[in-house]
Amino acid sequence: MRRFGDTPVAGQTYTRRAGAYAILPLGHSILLTCQMSPAPDIQLPGGGIDAGESPIAALHREVFEETGWTIAAPRRVGAFRRFVFMPEYDLWAEKLCMIYTARPVRRVGPPAEKDHHPLWLPPADAAEVLGNDGDRHFVKRFFT
48 MRRFGDTPVA GQTYTRRAGA YAILPLGHSI LLTCQMSPAP DIQLPGGGID AGESPIAALH
108 REVFEETGWT IAAPRRVGAF RRFVFMPEYD LWAEKLCMIY TARPVRRVGP PAEKDHHPLW
168 LPPADAAEVL GNDGDRHFVK RFFT
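In the working numbering, the protein residues as written are 48 to 191.
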């Protein structure tokens, strides 16, 4: 599996954390989320898969929690991994990121997850401002 981002730190123990993330095009824009803390970070909506949860169920849950939108017709387009420190969990993680495309259907309400804000950007702009190399790679690949 392709790796993006920093090289793993020698001697550091990483916890494997699988997650599902979505490229959500609608019209001439793509739906993203901006996580405001610990510092502003623009991301593909998505996140960790809970124990006993399927990737698709996690994708629906996470997109709703981070954007307030429901989605339809998810389709997996690839995966990557990255090694990061997750300050909100005080955790060094090997993130296994499964990337999907899906169709945003309806905004049901505000994001349920604290400090997340939905953000609509043109794909070219999104590909420049996303906070990690893997997300940028898949958005560029999807729209070219």
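We put the CB at the ideal spot given by N, CA and C, even for glycine.
Exercise for review: Evaluate the contact criterion for the stretch 57-69 versus the stretch 81-99: three or more CB pairs, one atom per stretch, below 8 Å.
Suggested key: yes
Review point. What separation, rounded to the nearest whole angstrom, lies between the Cα atoms of Arg-188 and Val-176?
Key: In the sequence shown, residue 188 corresponds to position 141, counting from 1. In the sequence shown, residue 176 corresponds to position 129, counting from 1. The straight-line gap from Cα to Cα measures roughly 15 Å.
Point to revise | Distance cut-off 7 Å: Ile-103 Cβ against heavy atoms of the ligand GDP | key: Among the ligands in the structure shown, none appear at all, so the ligand GDP cannot be discussed.
Review point. Looking at the structure shown, is His-164 part of a helix, part of a strand, or coil, going by DSSP?
Key: One-based indexing of the sequence shown puts residue 164 at position 117. Of the three classes helix, strand and coil, the one that applies to His-164 here is strand, per DSSP.
Review point. Do Pro-170 and Ile-96 have their C-beta atoms within less than 8 Å of each other?
Key: Translated into positions along the sequence shown, residue 170 becomes position 123. Translated into positions along the sequence shown, residue 96 becomes position 49. No, the pair does not count as a contact, with Cβ atoms beyond the cut-off.
Review point. Do you know offhand how far Ala-174's Cα is from Val-186's?
Key: Here residue 174 is taken as the residue at index 127 of the sequence shown, counted from 1. Here residue 186 is taken as the residue at index 139 of the sequence shown, counted from 1. If I take the Cα positions, the gap works out to 6 Å.
**Study point:** Beta-carbon contacts of Phe-132 that lie in its chain and below 6 Å, excluding the five residues immediately before and after
**Key:** For this step, residue 132 is matched to residue 85 along the sequence shown. Contacts found: Trp-139.
Practice item. Measuring alpha carbon to alpha carbon, tell me which of Lys-161, Asn-179, Glu-141 ends up nearest Glu-109. Key: Stepping through the sequence shown from its first residue, residue 109 is reached at position 62. That would be Lys-161, whose Cα lies nearest to the Cα of Glu-109.
Review point. I think Asp-53 touches Gly-178, with their Cβ atoms under 8 Å apart; what is that distance to the nearest whole Å?
Key: Start at 1 with the first residue of the sequence shown, and residue 53 comes out as number 6. Start at 1 with the first residue of the sequence shown, and residue 178 comes out as number 131. About 13 Å separates the two Cβ atoms, so there is no contact after all.
Check your understanding: According to DSSP, which residues form a beta bridge with Ala-140?
Key -> Counting from 1 along the sequence shown, the entry for residue 140 is found at position 93. For Ala-140, which the question treats as bridged, DSSP gives the partners Thr-62, Val-131.
Check your understanding: Quick one: Cα of Thr-62 to Cα of Val-56, how far?
Key -> As a working mapping, residue 62 is identified with position 15 in the sequence shown. As a working mapping, residue 56 is identified with position 9 in the sequence shown. Thr-62 and Val-56: Cα-Cα distance of roughly 13 Å.
Check your understanding: Is there a Cβ from chain B that is less than 8 Å from the Cβ of Trp-139?
Key -> In the structure shown, chain B cannot be found, because there is only a single protein chain.
Point to revise | Whole-angstrom distance between Pro-85 and His-184, CA atom to CA atom | key: Taking the first residue of the sequence shown as 1, we reach residue 184 at position 137. Taking the first residue of the sequence shown as 1, we reach residue 85 at position 38. Distance between the alpha carbons of His-184 and Pro-85: 24 Å.
Check your understanding: Relative to the C-alpha of Arg-123, which residue among Phe-130, Pro-102, Glu-135, Asp-137 is closest?
Key -> Taking the sequence shown and counting its residues from 1, the one referred to as residue 123 is at position 76. With distances taken between Cα atoms, Arg-123 lies closest to Pro-102.
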